[in-house]
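Using the numbering used here, the first residue of the sequence shown is number 69, and each one after it goes up by one.
Where is the CB? At the ideal position from N, CA and C, for every residue including glycine.
From a predicted model like this one, the values you see are computed outputs, not experimental measurements.
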Amino acid sequence: MNSDQLEQLAVGDSFILSGVQWAVRELNLFQDPSGYRTVEWRVQSSRAGEYYLMVEHDPAHPAGPIWYLSERLPSPKLIRPDTGGNVFGKLQETFSSHAAPPPALAVNGTTFLFESSSSGTFTSDGETQHRSTWEYWDQTHSRNLALEFWDDGNLLVYQARTIRPESVITLQKGGAKEVPDRFFGQSKPGTAEWICALALTIIGLMMFFAGISRP
Numbered sequence: 069m070n071s072d073q074l075e076q077l078a079v080g081d082s083f084i085l086s087g088v089q090w091a092v093r094e095l096n097l098f099q100d101p102s103g104y105r106t107v108e109w110r111v112q113s114s115r116a117g118e119y120y121l122m123v124e125h126d127p128a129h130p131a132g133p134i135w136y137l138s139e140r141l142p143s144p145k146l147i148r149p150d151t152g153g154n155v156f157g158k159l160q161e162t163f164s165s166h167a168a169p170p171p172a173l174a175v176n177g178t179t180f181l182f183e184s185s186s187s188g189t190f191t192s193d194g195e196t197q198h199r200s201t202w203e204y205w206d207q208t209h210s211r212n213l214a215l216e217f218w219d220d221g222n223l224l225v226y227q228a229r230t231i232r233p234e235s236v237i238t239l240q241k242g243g244a245k246e247v248p249d250r251f252f253g254q255s256k257p258g259t260a261e262w263i264c265a266l267a268l269t270i271i272g273l274m275m276f277f278a279g280i281s282r283p
């Protein structure tokens with residue numbers, strides 16, 4: 069698939085990435101006054117859990133959109149490499165006081181460098197909220213760390229890796245809600261299909277999590 073085709077994903081669609089079938093559960097939009105925007109699809113798989121497929125359109129990078137697969141870190145440890153301390157509990161105060169973001173943060177042994185921030189509106193199911201985000205990248209610029217500050221005081225942390233739209237295979241338009249984890253669209257897979265599905269899933273998950281955890 070190309071980028072334009074992938075952006076047509078809607079709630080209820082399903083697709084395959086890294087051998088894992090994902091169902092689209094929610095569609096969200098973030099944009100700021102400068103024209104920066106992201107489209108975010110909340111996707112689920114019984115084999116890999118819940119992630120966000122995201123595309124970023126940034127006027128400062130007109131070469132083309134950037135695609136991510138992002139995972140929320142429920143109990144993040146954000147380490148400042150210069151002090152070795154976990155600063156997660158202090159970041160909300162840092163943000164509220166308008167102090168500068170930490171120049172670098174480490175998560176699971178990978179160091180991310182601060183690159184940019186954005187502040188704008190987040191729209192989901194017709195409801196709009198305000199959100200500010202600090203963006204960090206690793207040295208290869210293939211893995212991203214996003215810190216989201218919400219008006220209600222919540223701080224959410226997401227770790228992502230970039231993906232190519234060509235690696236996503238459209239499986240089915242609609243029907244994902246009725247069949248939440250159908251593999252390759254087969255309603256009654258036989259033994260051979262189940263073996264193929266299991267093998268592809270194991271290989272896909274190994275490749276996927278290697279991409280998330282590899283420094």
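(message) Quick check on G117: does DSSP put it in helix, strand or coil?
(response) What you label residue 117 is simply residue 49 of the sequence shown in a count that begins at 1. It is a strand residue.
(request) If I'm right that L85 touches V236 with Cβ under 8 Å, what's the distance once you round it to whole angstroms? (result) Residue mapping note: residue 85 aligns to position 17 of the sequence shown, counting from 1. Residue mapping note: residue 236 aligns to position 168 of the sequence shown, counting from 1. That belief holds up - the Cβ atoms of L85 and V236 are roughly 5 Å apart, short of 8 Å.
(message) So S113 and V88 are supposed to be a Cβ contact under 8 Å. How far apart are they, rounded?
(response) Counting from 1 along the sequence shown, the entry for residue 113 is found at position 45. Counting from 1 along the sequence shown, the entry for residue 88 is found at position 20. Sure, about 5 Å apart at Cβ, within 8 Å.
(request) Measure from the alpha carbon of L213 to the alpha carbon of each residue in K241, E139, E75, N96, then state which is nearest. (result) Within the sequence shown, residue 213 is the residue found at index 145, counting from 1. Per the Cα distances, E139.
(request) Excluding the 5 residues preceding and the 5 following P233 in the sequence, name in chain order all residues of the same chain whose CB lies nearer than 7 Å to its CB. (result) The residue labelled residue 233 in the question sits at position 165 within the sequence shown. Only M69, N70, S71, L74, W135 meet the Cβ criterion.
(message) Looking at P127: is its Cβ nearer than 8 Å to the Cβ of S143?
(response) One-based indexing of the sequence shown puts residue 127 at position 59. One-based indexing of the sequence shown puts residue 143 at position 75. No, Cβ-Cβ distance for P127 and S143 is not below 8 Å.
(message) Measuring straight from C-alpha to C-alpha, what distance separates A172 and S164?
(response) What you label residue 172 is simply residue 104 of the sequence shown in a count that begins at 1. What you label residue 164 is simply residue 96 of the sequence shown in a count that begins at 1. Distance between the alpha carbons of A172 and S164 is about 19 Å.
(message) Can you give me the C-alpha to C-alpha distance between I231 and V123, rounded to a whole angstrom?
(response) Your numbering for residue 231 matches position 163 in the sequence shown. Your numbering for residue 123 matches position 55 in the sequence shown. In a straight line, the C-alpha of I231 is about 10 Å away from that of V123.
(request) Identify, in the order they occur along the chain, each residue of the same chain with its Cβ nearer than 7 Å to the Cβ of E183, setting aside the five sequence neighbours on each side. (result) Counted from its first residue, the sequence shown places residue 183 at position 115. Once the five neighbours on either side are set aside, the close Cβ partners of E183 are E203, Y204, W205.
(message) Quick check on the DSSP output: what are the complete beta strand (DSSP E) runs of length 3 or more inside the region 163-195, in order along the chain?
(response) Those beta strand (DSSP E) runs which fall completely within the region 163-195 and span 3+ residues are 172-175, 178-192.
(request) From the DSSP output, in three-state form, read off Q73 for me. (result) Counting from 1 along the sequence shown, the entry for residue 73 is found at position 5. If DSSP states are grouped into helix, strand and coil, Q73 belongs with the helices.
(message) For a test of the three-state rule: what should DSSP assign to Q207, helix, strand or coil?
(response) Here residue 207 corresponds to residue number 139 of the sequence shown, with the count starting at 1. Q207 falls in the coil class under three-state DSSP.
(request) Leaving aside the five residues before and after Y104 along the sequence, list all residues of the same chain whose C-beta is less than 6 Å from its C-beta, in chain order. (result) The count along the sequence shown starts at 1 and reaches residue 104 at position 36. So the qualifying residues of the chain are D126, S186.
(request) Please classify L97: does DSSP put it in a helix, a strand, or coil? (result) For the purposes of this step, residue 97 is taken as the residue at position 29 of the sequence shown. Three-state DSSP puts L97 in a strand.
(request) Sort out for me which residues DSSP pairs Q240 with in a bridge. (result) Position 172 of the sequence shown, counted from the first residue, corresponds to residue 240. According to DSSP, which records beta bridges pairwise, Q240 is partnered with S82.
(request) Could you please give the first and the last residue of the uninterrupted beta strand (DSSP E) stretch that includes I134? (result) Within the sequence shown, the letter at position 66 stands for residue 134. It spans 134-140 - the beta strand (DSSP E) in which I134 sits, taken as one unbroken run.
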